[in-house]
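Asks: Handing you a structure now.
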Amino acid sequence: MVDHVQVRPAVQHALWTLPINCTNGAAAFLPMFEGMCVMLTENLAMSKSLVNGMIGTIMGIWYVSNSDGQWYPTAVMVNMPGCDHVQVGLPLNTICIQPTAKTWVYQTTGRTNLKKATHSISQKFLPLLPAYTYTDYKSQGWTLHRAIVDLCGCSTPQSAYVMLSQV
């Protein structure tokens, strides 16, 4: 749904393939599997150390399908070592993460008049990302045993220093 209007499948696909930096951090497609390492992208419970950047492992995924046959996750069980969270029916440090709504703004340009239009888009997403790659900002303060560092994307010498000092 865009501006509370159903959009054509081609438009929906185009929106789903936008990079995460254009969607206020909401990933449209997130391939997931049990045993996958993931990172929280939102503060869920600071008192339990369930904070942005925390790493965990997917223990289970529950899905629902829509009328078009597309499958969407309704809940993801993630083991977060060190969070000291106890939830009835779940192992220690395992949390249930459900999709939350996030709204972001997207601008389009008309084909004929080149006039820009702004659309407010709301989508449900899981506050998780695969925990196999990190930006210098996310890895700050960590100690990594091994790392492949891409220095081509460094905008400043300080950024390169932060990345290299983590290993």
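In this note's numbering, the protein residues as written are -4 to 162. C-beta atoms are modelled at their ideal positions from N, C-alpha and C, and glycine is treated no differently.
1) Given that a residue counts as buried once 16 or more other Cβ atoms are within 10 Å of its Cβ, and exposed if not, what is PRO152?
2) In the DSSP output, which residue or residues are listed as bridge partners for TYR101?
3) Is it buried or exposed, VAL73, if we count other Cβ atoms within 10 angstroms and call 16 or more buried?
4) In three-state terms, what does DSSP make of TYR58?
5) Compute the Euclidean distance between the alpha carbons of GLY83 and CYS91, then round it to the nearest angstrom.
6) Go through its chain and collect everything with a Cβ distance to LEU123's Cβ below 6 angstroms, but skip five positions before and after it.
7) Determine the DSSP secondary structure at PRO122, reduced to helix, strand or coil.
8) By the three-class DSSP mapping on this structure, what secondary structure does GLY51 have?
9) According to DSSP, simplified to helix, strand and coil, what is TYR127?
10) For VAL144, which residues of its own chain have a beta-carbon under 7 angstroms away from its beta-carbon, when the five flanking residues on both sides are left out?
11) With a 10 Å radius around its C-beta and 16 neighbouring C-beta atoms as the bar for buried, classify ASN88 as buried or exposed.
12) Tell me the rounded alpha-carbon separation between ILE50 and PRO76.
13) Determine the extent of the alpha helix (DSSP H) in which PRO68 is found, giving its start and end residues.
14) Under a three-way DSSP split, which group does CYS149 fall into?
15) By the DSSP assignment, the beta strand (DSSP E) with LEU35 in it spans what residues?
Replies: Answer, in terms of the structure:
1) exposed
2) HIS114
3) buried
4) strand
5) According to the sequence as given, residue 83 is Val; it is not Gly. About 11 angstroms.
6) VAL33
7) coil
8) strand
9) coil
10) MET158 and LEU159
11) buried
12) 8 angstroms
13) It is not in any alpha helix (DSSP H) - PRO68 instead sits in the beta strand (DSSP E) that spans 66 to 74.
14) coil
15) 32 to 35
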